[in-house]
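Asker: Chains as they are written, first to last, in the working numbering: chain A, 87 to 233; chain B, 995 to 1139.
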């Protein structure tokens, strides 16, 4: 039987928003308490499209992060959970991509002794050492390993 | 204002020098004591490991991520010694990005010794945290105090 009281905010690049909704729902179906930032749900429903357009097409990603206070929101989200699941899909030609924002979130989770799960293997990037030092557990796509 | 000095391990010597320079200016600056040991101890084993590319193991063994977070919490501000590194101007590495995040969510002031970094993939994150660039002029810190 899977741990039912487990909470996993899903983190990852905002380009993986649809995947976050999908994996949140898969975690819920496995009996976990999966959560994502409500904006990701809204994006997936076709709402807040101006936010997406500004962030991803108009080069205003930094401004959007500030205005919507995403860095602090994700930090507080992590504080209130037992674990994080990082959806590190391939992106920009990097297998298992982890972006800068997600790297910060791994650091937050590590400091606060939250369990860190990576959906895919640790990427080879400029900051691979930092990712390794956060002691993540790689689940290779198998959500049953989240316990 | 208590200022914690941070930066890439590659710049450790300059980080210690910067700390001492700020202390000499009357500022309450400090640095992780291990950095002083690295600079003052010839062939320090951890320093040698890091220069040999074993950064992750040294970070894990010494629990440096949490230690630096505690250092940030114990301070009012952080100052990154963001010198040029290889092809990167005003370099901020992945570890420094995490530390900047710690400072930001805990409402600490964030200073860069030089200008904004160039060429790193996480510029949006850095811009969103609005660090103050000193462009090498530490006297600005005296005016802030």
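Built from N, CA and C at the ideal position, the CB exists for glycine as well. Keep in mind the model is a prediction, meaning the values are calculated, not measured.
Counting only beta-carbon atoms, is residue 233/A nearer than 8 Å to chain B?
Answerer: No, its Cβ sits nowhere closer than 8 Å to a Cβ of chain B.
Asker: I need the boundaries of the alpha helix (DSSP H) containing residue 1062/B, first residue and last residue.
Answerer: 1058 to 1067
Asker: Taking residue 187/A as the reference, give the member of 1117/B, 1107/B, 1043/B, 1070/B with the closest Cα.
Answerer: With respect to the C-alpha of residue 187/A, the residue from 1117/B, 1107/B, 1043/B, 1070/B having the closest C-alpha is 1117/B.
Asker: Where does residue 948/B fall in DSSP's three states?
Answerer: The shown model of chain B, from 995 to 1139, leaves out residue 948/B, and the question about it has no answer.
Asker: Going by the CB atoms, is the gap between residue 206/A and residue 179/A shorter than 8 Å?
Answerer: no
Asker: Output needed in chain order: residues of the stretch 1074 to 1098 of chain B with a Cβ under 9 Å from some Cβ in chain C.
Answerer: In the structure shown, chain C cannot be found, because the protein chains are A and B.
Asker: Which whole-angstrom value describes the C-beta separation of residue 1062/B and residue 1112/B, a residue pair presumed to lie in contact below a C-beta threshold of 8 Å?
Answerer: Not quite, the Cβ-Cβ distance comes to about 24 Å (not below 8 Å), so this is no contact.
Asker: Work out the CA separation of residue 1014/B and residue 1075/B for me, nearest whole Å.
Answerer: 13 Å
Asker: Indicate whether the contact test is met: 3 or more Cβ pairs, each with one atom in the stretch 1031 to 1043 of chain B and one in the stretch 1069 to 1083 of chain B, closer than 8 Å.
Answerer: no
Asker: Going straight from the alpha carbon of residue 208/A to that of residue 1056/B, what length do you get?
Answerer: 21 Å
Asker: Any idea which residues DSSP pairs residue 32/A with across the strands?
Answerer: No statement about residue 32/A is possible, as the shown extent of chain A runs from 87 to 233 and does not include it.
Asker: Run through DSSP, which three-state label would residue 120/A get?
Answerer: strand
Asker: Tell me the rounded alpha-carbon separation between residue 102/A and residue 165/A.
Answerer: Going from the Cα of residue 102/A to the Cα of residue 165/A covers about 22 Å.
Asker: What span of residues does the alpha helix (DSSP H) with residue 1018/B cover, start to end?
Answerer: Under the DSSP assignment, residue 1018/B falls in the alpha helix (DSSP H) whose first and last residues are 1006 to 1018.
Asker: Along the stretch 178 to 190 of chain A, what residues have a CB closer than 9 Å to any CB found in chain B?
Answerer: 178, 185, 186, 187, 189, 190
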